[in-house]
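S.K.:
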Amino acid sequence: MQERADEMRSWGPLFILHDILAEEKAGASLAIGSCAIYIGSMKTTSPSPADALALDKQLCFALYSTSLAMMRVYRGLLPKLGLTYPQYLVMMVLWEQDELTVSAIGERLFLDSATLTPLLKRMEAQGLLQRVRARHDERQVIISLSEHGQALRKQAEGVVPDVLCASQCSVEEVTSLRDQLVELRKKLSDSAGA
């Protein structure tokens, strides 16, 4: 494990500092005491403990503040569709594949049904979709787009180019960044046992 930490520190601007407290022998799982991702200067030496806690050097804060900036962009674009950002995400899932269960939509969006169900009820009240109990299993609810929800897709096609323009990045840069973030999400989910 120490070799891996030394290798990561040698990568330059990305330092991963960790302190593994113990390996549980019974469950063979790692108990991680602390783990911080530090984006430092181009030096290959470890940061001081004070630098390791500097807000602007934290990957989590860079992701969080970028997410806030992205939401501000979407808040300017989605009202013309009559959608909030969470509703827009649901619509994108259903535009890809209509007639999905609530749990299938939740899996795609990383949302539990307690969060998703009220959102879907509001969207049904807006005339965007229908919720119907599955014939084969009445415990499951099938979500499908209404005609209005299907027609909204054409209007929504302008959102992606507008977001790309606001980002001031090329398609290649955005694609690369997205792929890196998806990979990071997978790694974090794996390490958290999700």
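Each residue of the sequence shown is one higher than the last, beginning at 1 in full-length UniProt numbering.
Note that the Cβ used here is the ideal one computed from N, Cα and C, for glycine as well.
Fair warning: this is a prediction, and the values are worked out from it, not measured in the lab.
Sort 146, 136 and 135 by Cα distance to residue 125 and report the nearest one.
M.R.: For residue 125, the nearest C-alpha among the options comes from 146.
S.K.: With DSSP collapsed to three states, give me the class of residue 150.
M.R.: Note: residue 150 maps to helix in three-state DSSP.
S.K.: Once the 5 residues before and after residue 175 are set aside, which same chain residues still bring their CB inside 6 Å of it?
M.R.: Taken in chain order, the list of residues that qualify is empty.
S.K.: Any idea if residue 80 is buried or exposed, counting beta-carbon neighbours within 10 angstroms, 16 or more meaning buried?
M.R.: Classification of residue 80: exposed, given that the 10 Å Cβ count is below 16.
S.K.: Count the C-beta pairs between the segment 50-62 and the segment 98-110 that are closer than 8 Å, then say yes if the count reaches three, no if not.
M.R.: Output reads no: the segment 98-110 does not touch the segment 50-62.
S.K.: From the DSSP output, which residues share a beta bridge with residue 129?
M.R.: Paired residue(s): 145.
S.K.: Per DSSP, what kind of secondary structure is residue 193 in: helix, strand or coil?
M.R.: Correct three-state label for residue 193: coil.
S.K.: Under a Cβ-count criterion, where at least 16 other Cβ atoms within 10 Å of its own Cβ denotes burial, should residue 71 be classed as buried or exposed?
M.R.: Exposed.
S.K.: Report the CB separation of residue 77 from residue 159 in whole angstroms; it is logged as a contact under 8 Å.
M.R.: At roughly 5 Å, the Cβ-Cβ gap stays under 8 Å, so residue 77 and residue 159 are in contact.
S.K.: Could you tell me the alpha carbon to alpha carbon distance between residue 187 and residue 139, rounded to whole angstroms?
M.R.: When rounded, the distance between both Cα atoms is 33 Å.
S.K.: Sorted by chain position, which residues of the same chain lie with C-beta nearer than 6 Å to residue 127's C-beta, five sequence neighbours on each side aside?
M.R.: Correct list, in chain order: 146 and 148.
S.K.: At 3 residues or longer, and completely inside the UniProt domain "HTH marR-type" (56-186): list those beta strand (DSSP E) runs for me, N to C.
M.R.: DSSP runs (the beta strand (DSSP E)) wholly in the UniProt domain "HTH marR-type" (56-186): 129-133 and 141-145.
S.K.: Enumerate in chain order the residues of its own chain whose CB-to-CB distance from residue 109 is below 6 Å, with the five nearest sequence positions on each side excluded.
M.R.: These residues qualify, in order along the chain: 89.
S.K.: Does the distance from the CB of residue 87 to the CB of residue 119 come in under 8 Å?
M.R.: Yes, the pair counts as a contact, with Cβ atoms nearer than the cut-off.
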